[in-house]
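Shown next, in structure tokens, is the structure this report addresses.
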Amino acid sequence: MAQDRYDRQIRLWGEEGQEALNYASVHIVGSDGLAFEILKSLVLAGINEFTIIDNATVIQRDVDTNFFIYPTDIGLNRAEVLKNKLLQLSPSVKGFVVDEAPSEVFSNGNDTLWNASIIIVSNCGEIALIETSLRLFDDVEKKIFLARTLGFIGMVRISLKEHIIMNNKLSDRYPIDLHLTKPWKELKEYVDSIDLENLSYKEHSHVPYSIILMKAYENYILNNNPNTTSFLGTFKEKKEFEKCVLSLRKFNDKGQEGENFGEALTNITRFLKNHSFPEGLLRLFSDPRSENAIMSAREPIWTYIAAIKIFYRNNNRLPLHGSLPDMLSDTTSYTTLLNIYKAKADKDAEEVETIRHEFLKSANITNINCDLEMCKKICKNIAYMDIQNGSRFVESLDKDFRSIFSKFIICDEEDTSFDNNINSNATWLFLFKIYDLLVDEDPSILNLSDSEFEIRLKNSMLYYFNEILKASVNNEKEIMQKCSFEHFSKILPLDTVTEFVRCRSTQIVPINSIVGGITAQEIIKVITKQYIPIDNCLIFDGYKQLSETFKL
């Protein structure tokens, strides 16, 4: 790995994430300015190869919407031009072109995308992807990313059956459990071996703050309730505990205390608060594959999750993470403490691997691969793992409309102070949906004048809005009156329709760049299995510089 080349981004997703990128292959359908911006970000990030699928030729519009295409390229195959430009950005990336029209790629029976895993589609209507999404959806390895720009508006939609996140990077919300209130034998022996009172000021000022907190906690329990094993819950308890921490200080001849005590006070809430159980892990533990050996054996990662679930039941805790946060300390003290945590983490991982074998053998599964390194990796990340379950493109139009409708803030017809701009992002998404429906039903409407097209859009929006409104009535006896156009225009900012029509064939380079970067970022999240991808649709409003996610 060219670690020096990717030094900055390795700080984001680590060498493991960079290695995943270095082996990644993506297929993109389309070769317009947005497609180029997506691939540019992925090539610079270090993917292994890309394939551009398109048969378009370069025209003047491409020169106007892509800084990398020159007038001398007019008439050439656009995908080939883009490939050659992209390969100049990184000599280690391979690029390929498939000379095929996007409409043919999405036709029934076409196998161009059959071997692809990361599929990107640029500026295509969702309805055109229904058949492809249906054929590929059940393969959990296949993820489809649709990116669209229209004037100052962008949309990113992800279609996948399932995505397991190996590290959601939520350590701020769920801090590493350092077992400060319940140390195991080796850790307690080490902490007890440190006599704070008899240390010199220099030694005292380099004691790791976790040891200070453990010693203070012992004193706190003795002074308050020897039988308690709970974390600090109230403000009063925290203040009492702070007194225990401060009582352990040592001052130099200038009356100064060690900075490690400032660290200790700062981290009281972080490591001595009873944090909630990780939501992502709760979703994993709720999955039937974490209980059923036969189901889990089909996907090896679930055998580890199932074993960790049993470990949690047996020990009332998760396997130890095996690392420490940064602390003010001398090298010897920090290394000694870190080795104690690593040894315990290795021991926990070995126990999980043993449980895993027993779990599979209980279902008469004997062909078991032993991968202790994989077990250690999953045990380390388990508190930060998660699962996302997605949907196909236009899996249910009614469901999509209801999801959008749920985001609308509905005002009374008499309300004159309501600011309908609060509904602008949902309105943009609503517009994309209606636009796709109208074009699919009658492609010739694209030839209508702006004013005629705007009327068609508004009428269709009002019709579907009333249909959703009618379907939302729970009581059959309850009568829901249709929303009038006047009321409708109070709820939704219909100036968005005017702007949508005005820009329906316009691509703006900065918006392509922003939406392309967002799309590439979400693809990188999926490839590295780090961070949380959008779930599952995002609207970017370039007018207001705002974005919002929707679950479709």
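Be aware that the sequence shown starts at 1, since it is given in the UniProt record's numbering, and climbs by one per residue. In this text, a Cβ means the ideal position worked out from N, Cα and C, and glycines have one as well.
Are there three or more Cβ pairs, one per stretch, closer than 8 Å when the region 318–330 is compared with the region 369–381? yes
Return the first residue and the last residue of the alpha helix (DSSP H) that glycine 280 is part of. As a position in the sequence shown, residue 280 is number 280, starting the count at 1. Unbroken alpha helix (DSSP H) run through glycine 280: 279–286.
Top-ranked residue by Cα proximity to asparagine 536, from Phe152, Tyr6, His163: Along the sequence shown, read from residue 1 onward, the residue named residue 536 stands at position 536. Asparagine 536 has its Cα closest to that of His163, out of Phe152, Tyr6, His163.
Buried or exposed (CB count within 10 angstroms, at least 16 for buried), aspartate 348: What you label residue 348 is simply residue 348 of the sequence shown in a count that begins at 1. Buried, by the Cβ-count rule.
Just verifying my parser: in three-state terms, what is the DSSP assignment at glutamine 60? As a position in the sequence shown, residue 60 is number 60, starting the count at 1. Helix.
What's the call for serine 472, buried or exposed, on a 16-neighbour Cβ count within 10 Å? Here residue 472 is taken as the residue at index 472 of the sequence shown, counted from 1. With fewer than 16 other Cβ atoms within 10 Å, it is exposed.
Cα-Cα separation, leucine 246 to glutamate 186: Along the sequence shown, one-based indexing puts residue 246 at 246. Along the sequence shown, one-based indexing puts residue 186 at 186. Going by the C-alpha atoms only, they are around 26 Å apart.
Take glutamate 395 as the anchor and find which of Arg135, Gly14, Ile514 has the nearest alpha-carbon. For the purposes of this step, residue 395 is taken as the residue at position 395 of the sequence shown. When each option's Cα is compared against that of glutamate 395, the closest is Arg135.
Can you tell me whether lysine 544 is buried or exposed? The criterion is at least 16 other CB atoms within 10 Å of its CB, across all chains shown. Here the question's residue 544 lines up with position 544 in the sequence shown. Per the 10 Å Cβ criterion, exposed.
Find the nearest neighbour of asparagine 22 within the set Gln388, Ile28, Gly33, Ile10, judged by alpha-carbon distance. Here residue 22 corresponds to residue number 22 of the sequence shown, with the count starting at 1. When each option's Cα is compared against that of asparagine 22, the closest is Ile10.
Would the region 335–351 count as touching the region 180–198 if we require 3 or more Cβ pairs under 8 Å? yes
Quick check on methionine 327: does DSSP put it in helix, strand or coil? By 1-based counting over the sequence shown, the position of residue 327 is 327. DSSP places methionine 327 in coil when its eight states are reduced to three.
What separation, rounded to the nearest whole angstrom, lies between the Cα atoms of lysine 490 and alanine 35? Numbered from its first residue, the sequence shown carries residue 490 at position 490. Numbered from its first residue, the sequence shown carries residue 35 at position 35. Near 37 Å, if we compare the C-alpha coordinates of alanine 35 and lysine 490.
Residues bridged to glycine 95 [DSSP beta-bridge criterion]: Taking the first residue of the sequence shown as 1, we reach residue 95 at position 95. Bridge partners of glycine 95: Phe50.
Just tell me which of Ile144, Leu431, Phe277, Pro71 has its CA closest to the CA of serine 159. As a working note, residue 159 is residue 159 in the sequence shown. Out of Ile144, Leu431, Phe277, Pro71, Ile144 has the C-alpha closest to the C-alpha of serine 159.
Can you give me the C-alpha to C-alpha distance between valine 97 and isoleucine 524, rounded to a whole angstrom? Against the sequence shown, residue 97 aligns to sequence position 97. Against the sequence shown, residue 524 aligns to sequence position 524. Their Cα atoms are separated by approximately 22 Å.
Would you report the Cα separation of serine 90 and asparagine 316, rounded to the nearest angstrom? As a first step, residue 90 is located in the sequence shown; it is residue number 90 there, counting from the start. As a first step, residue 316 is located in the sequence shown; it is residue number 316 there, counting from the start. Taking the straight line joining both Cα atoms gives about 49 Å.
Consult DSSP for cysteine 537 and reduce its assignment to one of helix, strand or coil. Counted from its first residue, the sequence shown places residue 537 at position 537. Strand.
State the Cα-Cα distance for the pair isoleucine 212 and glutamate 19, rounded to the nearest angstrom. Reading the sequence shown from its first residue, position 212 is the one you call residue 212. Reading the sequence shown from its first residue, position 19 is the one you call residue 19. About 39 Å.
6 Å CB neighbourhood of glutamate 478 in its chain, flanking five on each side removed: Translated into positions along the sequence shown, residue 478 becomes position 478. Model confidence at glutamate 478 stands at a pLDDT of 48, short of 50, so the residue's coordinates are unreliable; what they give is reported in the following sentence. If we look at glutamate 478 and ignore the five residues flanking it on each side, it has no Cβ neighbours.
What are the residues that DSSP puts in a beta bridge with glycine 390? Along the sequence shown, one-based indexing puts residue 390 at 390. Looking at the DSSP assignment, glycine 390 forms no beta bridge with any residue, so it has no partner.
C-beta atoms of alanine 306 and phenylalanine 359 nearer than 8 Å: Working through the sequence shown from its first residue, we reach residue 306 at position 306. Working through the sequence shown from its first residue, we reach residue 359 at position 359. Closer than 8 Å, so yes.
How big is the Cα-Cα spacing for glutamine 521 and methionine 385? Translated into positions along the sequence shown, residue 521 becomes position 521. Translated into positions along the sequence shown, residue 385 becomes position 385. When rounded, the distance between both Cα atoms is 19 Å.
Would leucine 44 and phenylalanine 50 be called neighbours here (beta carbons separated by less than 8 Å)? Locating residue 44 in the sequence shown gives position 44, where the first residue counts as 1. Locating residue 50 in the sequence shown gives position 50, where the first residue counts as 1. Contact: no.
Would you mind reading off the limits of the beta strand (DSSP E) that contains valine 207? Here the question's residue 207 lines up with position 207 in the sequence shown. Here valine 207 belongs to no beta strand (DSSP E), and DSSP marks it neither H nor E.
Of the residues Leu150, Leu448, Ile176, Ser103, the one placed nearest phenylalanine 277, counting alpha carbons only: Start at 1 with the first residue of the sequence shown, and residue 277 comes out as number 277. Residue Ile176 is the option with its Cα nearest to phenylalanine 277.
Could you say if the region 296–312 and the region 200–210 meet the contact criterion of at least three C-beta pairs nearer than 8 Å? no
Element boundaries [beta strand (DSSP E), containing isoleucine 28]: For this step, residue 28 is matched to residue 28 along the sequence shown. It spans 25–29 - the beta strand (DSSP E) in which isoleucine 28 sits, taken as one unbroken run.
What beta strand (DSSP E) runs, 3 residues minimum, are completely inside the region 146–188? 153–160, 162–165
Under the DSSP definition of a beta bridge, which residues are partnered with lysine 143? The residue given as residue 143 occupies position 143 in the sequence shown. Beta-bridge pairing links lysine 143 to Ile118, Leu160.
Where phenylalanine 261 falls: helix, strand or coil (DSSP): Taking the first residue of the sequence shown as 1, we reach residue 261 at position 261. Phenylalanine 261: helix per DSSP, three-state reduction.
Does the distance from the C-beta atom of lysine 142 to that of serine 171 stay below 8 Å? Here residue 142 is taken as the residue at index 142 of the sequence shown, counted from 1. Here residue 171 is taken as the residue at index 171 of the sequence shown, counted from 1. Contact: no.
Inspect the beta-carbon positions of valine 352 and isoleucine 387 and report whether they are closer than 8 Å. For the purposes of this step, residue 352 is taken as residue 352 along the sequence shown, with counting starting at 1. For the purposes of this step, residue 387 is taken as residue 387 along the sequence shown, with counting starting at 1. No, Cβ-Cβ distance for valine 352 and isoleucine 387 is not below 8 Å.
Tell me whether threonine 549 sits in a helix, a strand or coil according to DSSP, three-state version. Position 549 of the sequence shown, counting from 1, holds the residue named residue 549. Strand, per DSSP.
Using a Cβ-Cβ cutoff of less than 6 Å, which residues in the same chain neighbour isoleucine 119 once the five nearest sequence positions on both sides are dropped? Within the sequence shown, the letter at position 119 stands for residue 119. His27, Leu113, Ile144, listed in sequence order.
Cut-off 8 Å between Cβ atoms - residues of its own chain near threonine 336, not counting five sequence neighbours on either side: Locating residue 336 in the sequence shown gives position 336, counting from the first residue. Cβ neighbours of threonine 336 beyond the five flanking positions: Tyr190.
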